[in-house]
Amino acid sequence: MGEESLFCVFVSLKNIFSEREVRQMDMTLTAKIKIYPTAEQAEVLKATLSAYRQACNAVSVVIFDTKVLAQAKLHDMTYRLLRSNYALRSQMAQSVIKTVIARYRSLKSNGHEWTLVRFKKPEYDLVWNRDYSIVQGLFSVNTLEGRIKVPFEPKGMEQYFDGSWTFGTAKLVYKHNKFFLHIPMTKTIPTVDEHNIRQVVGVDVGVNFLATAYDSQGKTIFFNGRKIKHMRAKYKRMRKTLQQKGTASARRKLKTIGQRENRWMTDVNHAVTKALVRQYGERTLFVLEDLTGIREKTERVRIHDRYETVSWAFYQFRQLLEYKARLHGSKVMVVAPHYTSLTCPKCGHTEKANRNKRTHTFCCRTCGYTSNDDRIGAMNLQRKGIEYIVEGTTQA
Numbered sequence: 001m002g003e004e005s006l007f008c009v010f011v012s013l014k015n016i017f018s019e020r021e022v023r024q025m026d027m028t029l030t031a032k033i034k035i036y037p038t039a040e041q042a043e044v045l046k047a048t049l050s051a052y053r054q055a056c057n058a059v060s061v062v063i064f065d066t067k068v069l070a071q072a073k074l075h076d077m078t079y080r081l082l083r084s085n086y087a088l089r090s091q092m093a094q095s096v097i098k099t100v101i102a103r104y105r106s107l108k109s110n111g112h113e114w115t116l117v118r119f120k121k122p123e124y125d126l127v128w129n130r131d132y133s134i135v136q137g138l139f140s141v142n143t144l145e146g147r148i149k150v151p152f153e154p155k156g157m158e159q160y161f162d163g164s165w166t167f168g169t170a171k172l173v174y175k176h177n178k179f180f181l182h183i184p185m186t187k188t189i190p191t192v193d194e195h196n197i198r199q200v201v202g203v204d205v206g207v208n209f210l211a212t213a214y215d216s217q218g219k220t221i222f223f224n225g226r227k228i229k230h231m232r233a234k235y236k237r238m239r240k241t242l243q244q245k246g247t248a249s250a251r252r253k254l255k256t257i258g259q260r261e262n263r264w265m266t267d268v269n270h271a272v273t274k275a276l277v278r279q280y281g282e283r284t285l286f287v288l289e290d291l292t293g294i295r296e297k298t299e300r301v302r303i304h305d306r307y308e309t310v311s312w313a314f315y316q317f318r319q320l321l322e323y324k325a326r327l328h329g330s331k332v333m334v335v336a337p338h339y340t341s342l343t344c345p346k347c348g349h350t351e352k353a354n355r356n357k358r359t360h361t362f363c364c365r366t367c368g369y370t371s372n373d374d375r376i377g378a379m380n381l382q383r384k385g386i387e388y389i390v391e392g393t394t395q396a
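Read in UniProt numbering, the sequence shown has 261 at position 261, and its numbers run on one by one without any break.
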């Protein structure tokens, strides 16, 4: 199993200085690690997950009724109950209280009405070195029966266990008859400043081409998206058929298909961003369009093509490229998307008529320069990146 299939990555970047002065930042990845317990260990883990979930629901009722969120008070009110009724070990009982408090505080901070929080999924929060650790290449996990040691899949993940990453509070998850540990891993990563950038690459993302990259040597790489577009259309047809049925089984199937499609799309984004980082190496500045408002813009496309356009995971692509670039000593910046596909990269003339969306071509009405419209977008993004570098280095 490769690195990309093992990781469900959520990237948190904490700036330590301002944008221009940044020298290092903390990166947090959440690794999804499959573990392989024996049949006997699996039963122990299932029993632990069940007890933990029931205990969370019991504490949730207490919080809902009393509105008490102070950990010390809740400890006095529920600790003995958790130990006696659910056979939880001391550390597990404390984790239950913290887990439920966090859920209610999240409820309040998001502005939701005060309501009873229910825990339905078989999950269990584990604190590093208290509830789980690594001993001789095995995960040591705290359970109702004490510590058990289970193997895991390390292939493609060796760098995350080299001692330079700090492990956070993990979550034990049981899904599809498989056990996983979701572990936040944090590391302080040096950043690349403008003086050390070796090359600038403009990356235009789209539908017909998933990504089009234009580099400092004037070379262009296209990542074809036609197969992806056809697959999205296939999912669209499946959804339409199930929605027309409207049965309970059809709704369940819709949910399953949606999850499958999301996993597939994530794998596609992983593959493309990984290829970009490997192709251009360290000290590269990747320049993307800021497409945070893409949904509103694509609502104006033809209804027949709207699903394939709107559902492309642009923001996820950016997140994945950011964390991969950071790990490989490179950097990502985003710029305003205005006119990137309408401006001639040779003479600078900007006109809507320069671009033919139907044929995906660009022809400058002033100088006649002609090329693929996605390539034009990548070229203009690359130029904006160079302008950023020049501005940063001349002001320093």
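Quick reminder that beta carbons are idealized off the backbone N, C-alpha and C, glycines included. All figures in this text were calculated on a predicted structure; none of them were measured in a lab.
Asp125 - containing beta strand (DSSP E), residue span: Glu123 to Leu126
Nonlocal neighbours in the same chain, by C-beta distance under 7 Å from Glu158, ignoring five residues either side: none
DSSP state of Gly225 mapped onto helix, strand, coil: coil
Assigned secondary structure, Lys155 (DSSP; H/G/I helix, E/B strand, else coil): coil
Cβ neighbour criterion (16 or more within 10 Å) applied to Ser249: exposed
Residues near Leu88 by beta carbon distance below 8 Å, same chain, minus five either side: Ala51, Tyr52, Ala55, Leu82, Val96 and Leu144
Neighbourhood of Gly385 by C-beta, 6 Å cutoff - its chain only, sequence neighbours within 5 removed: Val200, Leu285 and Val287
Coil, strand or helix - Asn372 by DSSP: strand
Residues bridged to Cys344 (per DSSP): None, per the DSSP bridge assignment.
Trp114 classed as buried or exposed, judged by whether at least 16 other C-beta atoms fall within 10 angstroms: exposed
Completely contained beta strand (DSSP E) runs for the segment 214-292, where each covers 3 or more residues: 220-224 and 284-289
Buried/exposed call for Asp65, threshold 16 Cβ in 10 Å: exposed
Option nearest Val59 by Cα separation, candidates Ile33, Val44, Gln94 and Met25: Gln94
Assigned exposure category for Pro154 - 16 Cβ within 10 Å defines buried: exposed
Residue burial classification, Gln382 (beta-carbon count within 10 angstroms, cutoff 16): buried
Lys149 vs Trp165 beta-carbon contact at 8 Å: no
The segment 69-76 / the segment 27-35 touching (three or more Cβ pairs under 8 Å): no
Closest by C-alpha distance to Asp373, when choosing among Lys171, Ser330, Asn129 and Val205: Val205
Alpha-carbon to alpha-carbon, Asn142 and Lys46: 12 Å
Residues that Cys363 bridges to, as DSSP identifies them: Thr370
In DSSP terms, what His195 is bridged to: Partner(s): none; His195 has no beta bridge.
Residue of Lys120, Cys367, Leu126 and Arg80 minimising C-alpha distance to Lys98: Leu126
Val44 versus Val135 - alpha carbon distance: 19 Å
Touch test, the segment 320-329 against the segment 358-377, Cβ-Cβ under 8 Å, three pairs minimum: no
Alpha carbon of Val335 to alpha carbon of Ile389, nearest angstrom: 13 Å
Extent of the continuous alpha helix (DSSP H) run through Asn57: Ala39 to Thr66
Cβ shell of Leu69 (< 8 Å), same chain only, five flanking positions each side left out: Ile63, Ile101, Tyr104 and Arg105
Helix, strand or coil at Ala211 according to DSSP, with G and I counted as helix: strand
Distance, Tyr124 Cα to Asp131 Cα: 10 Å
Cβ separation of Pro37 and Phe180, assumed to be a contact under 8 Å, to the nearest whole Å: Not quite, the Cβ-Cβ distance comes to about 11 Å (not below 8 Å), so this is no contact.
Coarse secondary structure for Ala170, derived from DSSP in three states: strand
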